[in-house]
Each structure stands twice: as C-alpha cells, then as structure tokens.
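A.B. asks:
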Amino acid sequence: MASKGVCEEKKDADNNEESDVVPDFEPGASLESMLVTTDSFEELEQEMDSSFDERQMKESTTSTISEIQEELNDTTVPEDSSSEQDDKIIENDEVEEIASQLSETSLTSNEDANAAATPVGSLPEEDYWQNPEWKERKKHVFILSAAGKPIYSRYGTEDKLVTIFGVMQALVSFVQTNQDTIRSIHTGNSKFVFLIKGPIILVSVSRTTESVSQLVLQLTYVYNQVVSVLTSSQLNRIYEQRRNYDLRRLLAGAERLIDHLLNFMEREPAFLLGAVKCLPLTPSVRDSITQTIVQTCGKIKNLVFAILLAKSQLITLVRMKKYFIHPADLHLIFNLVNSSESFKASESWTPICLPKFDSSGFLYGHVSYLSDDCQACLLLLTVDRDVFFTLSEAKQKIVEKLRRSNCLEAINESVNRPSYTASQVGVPEMRHFLYKCKSTAQFWSPALEPPYHTTEESQRLLGLYQALHHHLHAASRPLKLLHQQLDKETMLGWVTSGFELYVTFEPLITKHSAINAVNKLLRWIKKEEDRLFILNAPTF
Amino acid sequence: MRTIEAKVVVLGAQGVGKTSMVVRYVGKMFSHHISPTIGASFFTCRLNVEDTRVKLQVWDTAGQERFRSMAPMYYRNANAALIVFDITQYETFDAMKTWVKELQRNVLEPMVLSVVGNKTDLESRRQVTREEALQYAASIGGNYFESSAVNDEGIEDVFLNTAIGLIRLAQDSLCSSLRIYDLSDPMSPVSSVGNESGVGQNHHSLQMTSVEHAEVERPRLCC
Ligand SMILES: Nc1nc2c(ncn2[C@@H]2O[C@H](COP(=O)(O)OP(=O)(O)OP(=O)(O)O)[C@@H](O)[C@H]2O)c(=O)[nH]1
Ligand SMILES: [Mg+2]
Chain A
1 MASKGVCEEK
11 KDADNNEESD
21 VVPDFEPGAS
31 LESMLVTTDS
41 FEELEQEMDS
51 SFDERQMKES
61 TTSTISEIQE
71 ELNDTTVPED
81 SSSEQDDKII
91 ENDEVEEIAS
101 QLSETSLTSN
111 EDANAAATPV
121 GSLPEEDYWQ
131 NPEWKERKKH
141 VFILSAAGKP
151 IYSRYGTEDK
161 LVTIFGVMQA
171 LVSFVQTNQD
181 TIRSIHTGNS
191 KFVFLIKGPI
201 ILVSVSRTTE
211 SVSQLVLQLT
221 YVYNQVVSVL
231 TSSQLNRIYE
241 QRRNYDLRRL
251 LAGAERLIDH
261 LLNFMEREPA
271 FLLGAVKCLP
281 LTPSVRDSIT
291 QTIVQTCGKI
301 KNLVFAILLA
311 KSQLITLVRM
321 KKYFIHPADL
331 HLIFNLVNSS
341 ESFKASESWT
351 PICLPKFDSS
361 GFLYGHVSYL
371 SDDCQACLLL
381 LTVDRDVFFT
391 LSEAKQKIVE
401 KLRRSNCLEA
411 INESVNRPSY
421 TASQVGVPEM
431 RHFLYKCKST
441 AQFWSPALEP
451 PYHTTEESQR
461 LLGLYQALHH
471 HLHAASRPLK
481 LLHQQLDKET
491 MLGWVTSGFE
501 LYVTFEPLIT
511 KHSAINAVNK
521 LLRWIKKEED
531 RLFILNAPTF
Chain B
1 MRTIEAKVVV
11 LGAQGVGKTS
21 MVVRYVGKMF
31 SHHISPTIGA
41 SFFTCRLNVE
51 DTRVKLQVWD
61 TAGQERFRSM
71 APMYYRNANA
81 ALIVFDITQY
91 ETFDAMKTWV
101 KELQRNVLEP
111 MVLSVVGNKT
121 DLESRRQVTR
131 EEALQYAASI
141 GGNYFESSAV
151 NDEGIEDVFL
161 NTAIGLIRLA
171 QDSLCSSLRI
181 YDLSDPMSPV
191 SSVGNESGVG
201 QNHHSLQMTS
211 VEHAEVERPR
221 LCC
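So the protein lines, in turn, are chains A and B.
Start counting the first sequence at 1; every next residue gets the next number (full-length UniProt numbering).
Start counting the second sequence at 1; every next residue gets the next number (full-length UniProt numbering).
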C-alpha cells in the first residue's frame with residue numbers, strides 16, 4: 001500500500017475524536033426495505049454462499065417458488081443459519097510448487113519472441129499461453145467441472161487450454177485429499193483464487209490489487225450467473241448423471257453473460273458495496289410510477305416482482321408481500337438487460353433463475369422496454385409460466401398510464417440529464433465518493449469527473465475504493481474510520497451502523513478538513529435523499 | 001371480412017437468422033445489432049389475403065440449447081411453424097429435422113409447416129442443396145422456402161404462404177385452436193378454443209404489415 005500516512009481508528013475505540021462529526025444520522029435510511037440488506041462485506045460474502053430461501057424462509061426444504069405456487073401463508077420468523085466457512089489459506093510446500101509451475105507455464109514464462117505477431121484465436125495449445133497478449137491480461141477467470149473438463153475461459157478458447165484446466169483440477173483435488181479446501185495461492189504478483197461450488201470449480205488468476213475476498217466474491221457472482229441460466233438443481237442433476245458432461249453445450253450463448261458480468265464488475269462499485277443505485281427522480285414522479293404498477297398489476301396472481309430500470313439504475317421495484325429481492329440477484333438482472341440488445345426489438349418471455357431468491361427453479365419474466373421513446377426496461381417476474389398475455393396487457397396499460405401522467409417524459413429527462421458531479425456538492429477538495437445506506441442496500445455516487453474520466457483512471461479509482469473497503473472490512477481487524485494519504489489523492493473511509501462512506505479528496509487535505517467535508521457531504525445527501533433513494537418498499 | 005388469428009412459432013438452431021427474418025418482415029428493416037434471443041420474443045403482424053385478414057402472433061424462439069426445454073411452452077397450440085436453418089451450416093439442417101420430429105410428436109392438431117433455408121446471400125458457402133431441402137420438406141408435407149434477411153429476399157413469401165395455409169386450415173375446420181373472428185367486430189375475440197392464456201387479444205402490434213389483395217395463386221416453391 002503506497003500510503004504516506006495512515007490514520008486508523010479501531011471499531012471499538014472510544015469516539016472522542018469524532019465529536020465534530022454529525023451524530024449518527026443516516027441519509028437515505030428507511031424503516032422498510034425492498035432489498036435484502038447485508039451489514040458488511042464478510043457477511044455479504046457468506047450471504048452469497050447461502051441461498052436466500054435458506055436464510056429468510058422458514059423451510060429450507062421447500063423452494064421459495066413452490067412456496068409461492070402453493071400460496072403458503074407462513075409468517076414464522078426466519079432463523080439465520082449461514083454456515084461457517086471452513087476455507088483456509090493453504091500454506092503447503094507441495095501446493096506452492098505446483099502453483100509456481102502453473103504460473104510458470106501459463107502466465108509468467110519467458111516470452112516467446114515469435115508469438116507476438118500471432119493472433120490469439122488461432123494458436124495451437126502450446127503457444128497459446130506463451131502469447132504475450134493472453135499473458136498480459138490482468139485477470140483471467142476459468143470455470144471447470146470437478147472432473148477437470150473446461151467450461152469457460154474469460155480469454156481464449158477453452159479447448160486450447162486443456163493443460164491449464166488439468167493442472168487446476170489437479171491442485172483442487174490434491175488439496176481435497178488432505179481434507180482441506182484450497183482457497184488461494186500467492187506467487188509473485190499473481191493471486192490464484194479458487195471457489196468450489198458443488199460440481200464446478202471457479203478460478204481467478206489475478207494481477208490486480210483486489211483482495212482474496214473480493215476475488216472470491218466475484219467468482220461467486222460468476223457462479224450465480226451460471227445458476228441463473230441453468231438453476232442449481234439442473235446443474236447438480238447433470239453432473240450426478242454424467243460426471244464427464246461437457247457443460248459448454250448448455251452454456252452456449254451464456255458465455256457472453258459471464259464476459260459482460262466480469263467487465264461490469266470491473267467498472268461498477270455496486271458489486272463491491274452489495275448495493276443498488278437508483279435513478280434520481282422527484283419523489284412524486286417515482287410514487288406515481290410505483291402506484292401505476294401497483295394498481296395495474298395488483299390483481300394479477302403469482303406476480304412476484306415488478307422491476308423498472310434504466311441505465312443500470314433502479315426506477316422502482318414492487319414486490320409480493322413477504323418476499324424480498326437480494327441486491328446480488330438485481331445485479332444479475334441488470335447484467336442480463338445490459339447484455340441483451342434483443343429485448344429492445346419486442347416483448348420477451350423468458351425463464352430466469354434468481355439464485356438468491358430460489359436457486360432451484362425458474363421464475364418467468366415478461367421483459368420489455370416501455371416504448372421506443374422511453375428506454376426504461378420493465379421486468380414482470382412470476383412463478384406462472386402461462387400468464388404471458390396477462391402481463392403483456394398489463395404492461396400496455398402501465399405504459400399508457402405513465403404516458404398520460406407524463407412519467408415517461410420524467411424518466412427520459414432523468415436518464416438524459418448529466419448526473420450530479422461531486423463539485424455540485426460544494427466541497428472543493430472532494431473529487432468523488434460512494435455512499436451506501438445500509439438499511440436499504442442502496443448507494444449513490446456522482447459522475448466521474450477529471451482526473452477520473454478515462455477508463456484507466458476510473459479503474460484505478462475503483463481499485464482505491466476496493467483497497468479502502470478491504471482495509472475497513474478486514475475480518476481480523478475491522479475499522480470504522482480510515483484516512484489514507486496517498487500519492488495522488490487522499491482517501492477517507494467511514495463505516496457506521498447506518499452507512500458506509502468512501503470519499504476521494506485532493507491529496508493534501510488534512511484529516512480535520514476531510515471530516516468537515518464529510519459532514520457537509522452527509523448534509524447534502526440528506527437534503528437530496530428523497531430523489532436519490534427509494535425510501536419505501538411497495539408491495540402489490 | 002373474416003379475420004383469422006393464428007399462432008406461429010419460429011424454431012431453429014442458434015444463429016440461423018430467425019430473429020433477423022421476423023424483424024425484417026415485421027419491422028421492415030435489417031438490423032446488425034440483433035443479439036441472441038433470450039427465451040422467446042413475441043411479435044404480432046397482420047396481412048390481408050383476398051377477403052381475409054390474417055393476424056399472426058409470432059413466437060420467435062431462442063436457439064440456444066439451454067432454452068430447449070422451454071420450447072413446448074412456445075409451440076403448444078401453434079397453428080403454423082417456421083423451421084429455419086442456415087444454408088451454409090449443414091448441422092443446422094440436421095437440427096431443423098430434430099425440431100420437426102419434436103413438433104410431430106407433440107403437436108397433435110394439424111399445422112402449417114414451412115422449412116426455411118436462410119442466408120442465401122452467402123451462396124458461395126452453401127452446404128445444403130436446394131434439392132435436398134425441397135425433398136425433405138415434401139417428405140413432411142411442408143413447403144420449402146429460401147430467404148436472405150440481409151437482402152430481404154423470400155421472406156414475404158414465407159409469411160404469405162403461411163397465411164394462405166392457415167386460411168385453408170381454417171376453411172377445412174380441421175383445427176380447433178385456430179381462432180376465427182366475426183367480420184362485424186374484428187377486435188372482439190370469439191370464444192377461443194384451446195387458448196392457454198385466456199386473453200385472446202393484443203392491441204399492440206409493433207408494426208402492421210398489410211399485403212393487400214395478395215395473389216392466392218402465387219407460384220408455389222414446392223409441392
Ligand atoms: N449473411 C446473412 N447473415 C444473416 C442473415 N440473417 C441473419 N444473419 C446474421 O446471423 C446472425 C444471427 O442472426 P439472428 O437473427 O440473431 O439469429 P437467431 O436465429 O435469431 O439466433 P438465436 O436467437 O440465438 O436463436 C446475425 O449476425 C445476423 O446478422 C442472412 O440472411 N444473411
Ligand atoms: Mg433470435
């Protein structure tokens with residue numbers, strides 16, 4: 001960490017130094033939330049592992065979907081049963097040796113002078129991993145079956161990487177024979193991070209500054225994306241029947257979803273925060289949109305969620321009573337919509353599995369853009385596969401009503417308006433920030449301005465936030481306030497029971513001015529909260 | 001004027017050009033930005049054949065393997081099927097045959113079957129001969145068409161002939177799920193038999209396509 005001076009406060013330290021900080025108030029907070037909220041990163045990470053229905057629903061034996069289908073009316077309070085993670089960081093000589101071999105052959109071997117000119121796609125296997133372009137990639141992601149069959153590779157063709165897949169499988173099973181689970185290997189500047197999920201193995205080979213937990217979180221998202229197109233029950237069944245199954249057949253066409261998701265995670269802080277961003281709207285407009293959906297769809301049985309979004313931001317979400325949606329599921333929905341241009345051509349009717357909601361089955365989604373002149377996407381998710389026409393009609397009515405009440409216009413206006421910038425907050429030394437309200441799992445961040453307007457710099461900024469986040473949430477020593485003076489900027493992270501705040505300042509700001517600035521920022525967010533956040537949790 | 005409302009399902013392997021064809025016909029354009037279909041997309045269009053107005057509800061399905069098990073949801077109660085392959089990929093011709101078998105096994109009511117070989121603009125890369133495809137289509141009692149969504153060739157024919165076939169089917173009253181509307185009130189659904197959804201109408205059509213006074217005696221490409 002290239003920090004010149006780091007000033008930390010431990011979570012339980014007496015807070016005498018913060019007497020000048022605004023007393024605990026949480027802009028954007030609300031008593032009810034439509035999203036499943038998670039407190040911290042570690043919890044989120046474990047959360048990602050246990051299915052939503054296990055945690056929130058009473059019976060883990062019945063799936064949420066069949067529960068809705070059977071219209072059970074059970075209101076018992078859920079018991080929390082997230083399992084302890086038994087993963088360990090392996091420090092074993094033999095493993096290290098294999099790992100260093102792996103990194104030798106695959107990523108860091110001496111460059112082959114002739115390979116430079118050859119296009120990646122057409123190389124024979126041997127030359128493939130010697131190819132500088134392939135090696136230069138900052139983060140590789142691989143998926144393979146427990147039997148070692150290639151399923152997915154972020155770059156290059158899996159067929160040409162059979163040897164690498166073989167080595168990775170060997171590593172995993174080697175550690176398993178010692179009754180252990182491999183979690184990560186560190187060699188030189190590369191991290192190898194493993195995630196074993198039922199019948200498949202996910203591996204990330206990264207030269208980024210991201211922490212092991214952050215990489216595990218990303219792999220979990222990738223796994224959830226696979227589940228989202230196949231369901232976990234189908235996935236498990238396939239491998240129970242045929243250990244050697246080539247999953248690529250079934251995933252054909254879904255690789256683009258995984259590719260897109262990995263790129264999406266590299267630019268979006270939403271994944272790191274486990275939160276969702278809303279499209280800024282005046283509260284009366286948002287309410288009127290919500291009410292239109294509630295009134296039009298209220299009578300439709302078996303409709304679980306109605307989700308309206310634009311530009312990866314939530315406009316509104318209406319849910320069936322007692323059911324919530326997990327931010328991780330919402331991120332997958334955003335990813336699906338963003339990577340499927342085909343939804344724009346007409347109405348679609350498609351199975352969608354939301355892994356946190358119920359990984360064992362499909363919901364059915366009526367997906368459509370509101371109209372040619374309003375590029376907001378509406379998803380109506382139901383457990384009933386026969387209601388396409390009912391939903392199609394409902395959608396039509398919703399659009400007519402929204403048009404009459406000028407809501408379509410209001411949505412367009414917000415979509416086209418340049419987003420707030422940090423300078424509009426009125427704190428000159430502040431360049432950028434991320435604010436997450438914990439009780440609603442929503443976050444907000446301003447537009448990226450110079451110097452962070454280039455792809456490179458914006459990724460570097462996200463990297464700084466990831467590092468800051470990692471320090472604040474380190475399992476062994478969680479912090480509540482962290483002030484880092486770096487070469488090019490000063491970062492301040494602050495975690496309270498109500499919010500998480502990550503701020504980027506000019507490099508030379510003092511801690512005292514930074515805290516003053518933060519107070520000013522919080523007041524600004526409070527003033528804007530009913531435009532930037534959804535403060536209620538509407539149901540049908 | 002009589003109105004017939006019919007359900008048409010478009011099937012075929014991934015990437016053969018199903019969506020491009022439908023969008024070309026319904027939207028009168030070719031888009032290079034079409035991405036793989038997710039689940040199935042729904043389109044409606046109308047065409048007039050002599051004194052009959054034919055409303056088509058078109059289900060353009062996804063060719064990706066993972067959606068395969070969903071197909072029955074889309075072809076159930078279909079009155080017509082367009083089964084598409086890519087003339088430059090022989091395996092898509094085989095895949096097309098598999099779809100035909102599946103339809104024959106699962107759809108009991110008579111339906112209008114059309115086999116479509118798409119991408120004729122890539123003639124030099126052709127792998128499936130017209131003769132072989134014609135012969136196959138004849139063997140299953142269907143029509144064979146060749147088309148190019150890029151050049152807008154042959155697609156009108158596919159839909160027009162499907163419409164004609166549907167009118168015949170309705171006249172022979174062989175098909176109970178074919179919905180026929182009264183001329184006096186074309187928008188009101190007549191008791192719809194076998195319609196799974198219970199809602200028999202769709203006021204929205206992305207674009208209306210009207211083929212006024214189409215020639216019934218158009219030269220057939222096959223049979
Ligand atoms: N040369 C040529 N290309 C075509 C033609 N029709 C479609 N394509 C291209 O083929 C590719 C696939 O087209 P789609 O229409 O998405 O194919 P699809 O059958 O709907 O595919 P799925 O939805 O995945 O099942 C696209 O790149 C189209 O541009 C055609 O007539 N000629
Ligand atoms: Mg398609």
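A virtual CB, placed ideally from N, CA and C, is assigned to each residue, including glycine.
Along the stretch 333 to 347 of chain A, where does the CB come closer than 8 Å to a CB of chain B? Name the residues.
C.D. replies: So the list reads Leu336, Ser339, Ser340, Glu341, Ser342, Phe343, Ala345, Ser346 and Glu347, given in the order they occur along the chain.
A.B. asks: Any contact of the stretch 63 to 73 of chain B with the stretch 247 to 254 of chain A, i.e. 3+ C-beta pairs under 8 Å?
C.D. replies: With a cut-off of 8 Å, the stretch 247 to 254 of chain A and the stretch 63 to 73 of chain B count as touching, because enough Cβ pairs lie within range.
A.B. asks: Provide the residue(s) that pair with B:Asp86 in DSSP beta bridges, ordered along the chain.
C.D. replies: If you number the second sequence from 1, residue 86 of chain B lands on position 86. Looking at the DSSP assignment, B:Asp86 forms a beta bridge with B:Asn118.
A.B. asks: Please indicate yes or no: does the CB of A:Thr350 lie closer than 7 Å to some heavy atom of ligand 2?
C.D. replies: Numbered from 1 along the first sequence, position 350 holds the residue referred to as residue 350 of chain A. No, the beta carbon of A:Thr350 sits no closer than 7 Å to any heavy atom of ligand 2.
A.B. asks: Indicate whether at least one CB of chain A lies closer than 8 Å to the CB of B:Gln14.
C.D. replies: Taking the first residue of the second sequence as 1, we reach residue 14 of chain B at position 14. With 8 Å as the cut-off, B:Gln14 counts as an interface residue toward chain A.
A.B. asks: Does the distance from the C-beta atom of A:Ala29 to that of A:Gly498 stay below 8 Å?
C.D. replies: The residue given as residue 29 of chain A occupies position 29 in the first sequence. The residue given as residue 498 of chain A occupies position 498 in the first sequence. In this structure, A:Gly498 lies closer than 8 Å to A:Ala29 by Cβ.
A.B. asks: Closest Cβ-Cβ distance between A:Val285 and chain B: below 8 Å?
C.D. replies: Position 285 of the first sequence holds residue 285 of chain A. Answer no: the Cβ-Cβ gap between A:Val285 and chain B never drops below 8 Å.
A.B. asks: Measure the alpha-carbon distance for B:Asn48 versus B:Thr3 and round it to whole angstroms.
C.D. replies: Here the question's residue 48 of chain B lines up with position 48 in the second sequence. Here the question's residue 3 of chain B lines up with position 3 in the second sequence. Their backbone Cα atoms lie some 9 Å apart in a straight line.
A.B. asks: For A:Lys191, which residues from the same chain have a beta carbon less than 7 Å from its beta carbon, with the 5 sequence-adjacent residues on both sides left out?
C.D. replies: Position 191 of the first sequence, counted from the start, is the residue given in the question as residue 191 of chain A. For A:Lys191, where only same-chain residues beyond five positions count, the Cβ hits under 7 Å are Ser184, Ser206, Val212 and Leu215.
A.B. asks: Hey, quick one: how far does the beta strand (DSSP E) through A:Arg431 stretch, first residue to last?
C.D. replies: On the first sequence, residue 431 of chain A is found 431 positions in, with the first residue counted as 1. Taken as a continuous stretch (DSSP letters only), the beta strand (DSSP E) holding A:Arg431 covers Met430 to Cys437.
A.B. asks: Does the stretch 465 to 475 of chain A come close enough to the stretch 260 to 272 of chain A that 3 or more CB-CB pairs lie under 8 Å?
C.D. replies: With the cut-off at 8 Å, the stretch 260 to 272 of chain A and the stretch 465 to 475 of chain A touch.
A.B. asks: Please tell me whether, using a cut-off of 7 Å, the distance from the CB of A:Ser153 to the nearest non-hydrogen atom of ligand 1 is below it.
C.D. replies: Residue numbering aside, residue 153 of chain A sits at position 153 when the first sequence is read from its first letter. False, no ligand heavy atom lies under 7 Å from that Cβ.
A.B. asks: Using a Cβ-Cβ distance cut-off of 8 Å, determine whether B:Ile34 contacts chain A.
C.D. replies: The residue you call residue 34 of chain B lines up with position 34 of the second sequence. True, the Cβ-Cβ gap to chain A drops below 8 Å.
A.B. asks: Among A:Val495, A:Ile201, A:Leu381 and A:Gln176, whose alpha-carbon lies nearest the alpha-carbon of A:Ala306?
C.D. replies: Translated into positions along the first sequence, residue 306 of chain A becomes position 306. Nearest C-alpha to A:Ala306: A:Leu381.
A.B. asks: Can you tell which of A:Tyr155, A:Val387 and A:Ile164 has the C-alpha that lies nearest to the C-alpha of A:Asp259?
C.D. replies: Counting from one through the first sequence, the residue named residue 259 of chain A turns up at place 259. Selected option, being the one with the closest Cα: A:Tyr155.
A.B. asks: Beta-carbon within less than 7 Å of A:Thr282's beta-carbon, same chain only, minus the 5 sequence neighbours each way: which residues are those?
C.D. replies: Within the first sequence, numbered from 1, the residue matching residue 282 of chain A stands at position 282. Same-chain partners within the cutoff: Arg531.
A.B. asks: Identify every run of the alpha helix (DSSP H) within the stretch 129 to 158 of chain B, keeping only runs that are complete inside it and at least 4 residues long; order them along the chain.
C.D. replies: Counting whole runs of 4 or more residues, the stretch 129 to 158 of chain B contains the alpha helix (DSSP H) stretches 130 to 139.
A.B. asks: State the DSSP-derived secondary structure class of A:Lys301, mapped to helix, strand or coil.
C.D. replies: Position 301 of the first sequence, counted from the first residue, corresponds to residue 301 of chain A. Of the three classes helix, strand and coil, the one that applies to A:Lys301 here is coil, per DSSP.
A.B. asks: Starting from the C-beta of A:Ala537, find all residues in its chain whose C-beta is less than 6 Å away, skip the five residues before and the five after it, and write them out in chain order.
C.D. replies: To locate residue 537 of chain A, count along the first sequence from 1; it is residue 537. Glu32, Ser33 and Met34.
A.B. asks: For the structure I just gave you, are there three or more beta carbon pairs, one from the stretch 425 to 432 of chain A and one from the stretch 507 to 522 of chain A, closer than 8 Å?
C.D. replies: These segments touch.
A.B. asks: Quick check on A:Gln225: buried or exposed, where buried means 16 or more other Cβ atoms within 10 Å of its Cβ?
C.D. replies: As a position in the first sequence, residue 225 of chain A is number 225, starting the count at 1. Result: buried.
A.B. asks: At a Cβ cut of 7 Å, what residues of the stretch 37 to 56 of chain B count as close to chain A, listed as they run along the chain?
C.D. replies: Those would be Thr37, Ile38, Gly39, Ala40, Ser41, Phe42 and Phe43, in chain order.
A.B. asks: Could you give the uninterrupted runs of the alpha helix (DSSP H) lying entirely in the UniProt domain "FUZ/MON1/HPS1 third Longin" (430 to 529) of chain A, keeping only those of 4 residues or more?
C.D. replies: Counting whole runs of 4 or more residues, the UniProt domain "FUZ/MON1/HPS1 third Longin" (430 to 529) of chain A contains the alpha helix (DSSP H) stretches 455 to 473.
A.B. asks: Could you tell me whether the Cβ of B:Thr3 comes closer than 8 Å to any Cβ of chain A?
C.D. replies: Start at 1 with the first residue of the second sequence, and residue 3 of chain B comes out as number 3. B:Thr3 does not count as touching chain A.
A.B. asks: Using the Cα positions of B:Glu5 and A:Gln69, report the straight-line distance between them to the nearest angstrom.
C.D. replies: Numbered from 1 along the second sequence, position 5 holds the residue referred to as residue 5 of chain B. Numbered from 1 along the first sequence, position 69 holds the residue referred to as residue 69 of chain A. One C-alpha to the other measures close to 32 Å.
A.B. asks: Using beta-carbon positions only, say whether A:Leu314 and A:Leu257 come within less than 8 Å of one another.
C.D. replies: The residue labelled residue 314 of chain A in the question sits at position 314 within the first sequence. The residue labelled residue 257 of chain A in the question sits at position 257 within the first sequence. Not in contact: A:Leu314 and A:Leu257 (Cβ atoms no closer than 8 Å).
A.B. asks: Starting from A:Leu202, trace the beta strand (DSSP E) in both directions and tell me its first and last residue.
C.D. replies: Taking the first residue of the first sequence as position 1, residue 202 of chain A is located at position 202. Residues Ile200 to Ser206.
A.B. asks: In angstroms, rounded to a whole number, what distance separates the CA positions of B:Glu102 and A:Arg237?
C.D. replies: Taking the second sequence and counting its residues from 1, one reaches residue 102 of chain B at position 102. Taking the first sequence and counting its residues from 1, one reaches residue 237 of chain A at position 237. Approximately 23 Å between the Cα atoms of the pair.
A.B. asks: Out of A:Ser346, A:Ser204 and A:Arg286, state which residue places its alpha-carbon closest to the alpha-carbon of A:Thr317.
C.D. replies: Here residue 317 of chain A is taken as the residue at index 317 of the first sequence, counted from 1. Checking the sequence shown, residue 317 of chain A turns out to be Leu, not Thr. Nearest of A:Ser346, A:Ser204 and A:Arg286 to A:Leu317, Cα basis: A:Arg286.
A.B. asks: Where does B:Ile4 sit, in a helix, a strand or coil, going by DSSP?
C.D. replies: To locate residue 4 of chain B, count along the second sequence from 1; it is residue 4. It is a strand residue.
A.B. asks: With DSSP as the reference, identify every bridge partner of A:Glu382, one or two as the case may be.
C.D. replies: As a working mapping, residue 382 of chain A is identified with position 382 in the first sequence. In the sequence as presented, Glu is not what sits at residue 382 of chain A; that position holds Thr. Note: A:Thr382 sits in a beta bridge opposite A:Leu303 and A:Tyr364.
A.B. asks: Alpha carbon to alpha carbon, how far is A:Pro354 from A:Glu67?
C.D. replies: Counting from one through the first sequence, the residue named residue 354 of chain A turns up at place 354. Counting from one through the first sequence, the residue named residue 67 of chain A turns up at place 67. Correcting the residue type first, residue 354 of chain A is Leu in the shown sequence and not Pro. C-alpha separation (whole angstroms): 15 Å.
A.B. asks: At a threshold of 7 Å, does B:Gly63 count as lining ligand 1 (C-beta to nearest heavy atom)?
C.D. replies: The residue labelled residue 63 of chain B in the question sits at position 63 within the second sequence. It does: the Cβ of B:Gly63 is within 7 Å (strictly closer) of some heavy atom of ligand 1.
A.B. asks: Do A:Ser228 and A:Leu332 have their C-beta atoms closer together than 8 Å?
C.D. replies: Working through the first sequence from its first residue, we reach residue 228 of chain A at position 228. Working through the first sequence from its first residue, we reach residue 332 of chain A at position 332. It is a contact, given that the beta carbons lie within the stated cut-off.
A.B. asks: Using the Cα positions of A:Pro450 and A:Glu457, report the straight-line distance between them to the nearest angstrom.
C.D. replies: On the first sequence, position 450 is the one that residue 450 of chain A refers to. On the first sequence, position 457 is the one that residue 457 of chain A refers to. C-alpha separation (whole angstroms): 9 Å.
A.B. asks: Consult DSSP for B:Asp60 and reduce its assignment to one of helix, strand or coil.
C.D. replies: One-based indexing of the second sequence puts residue 60 of chain B at position 60. B:Asp60 falls in the strand class under three-state DSSP.
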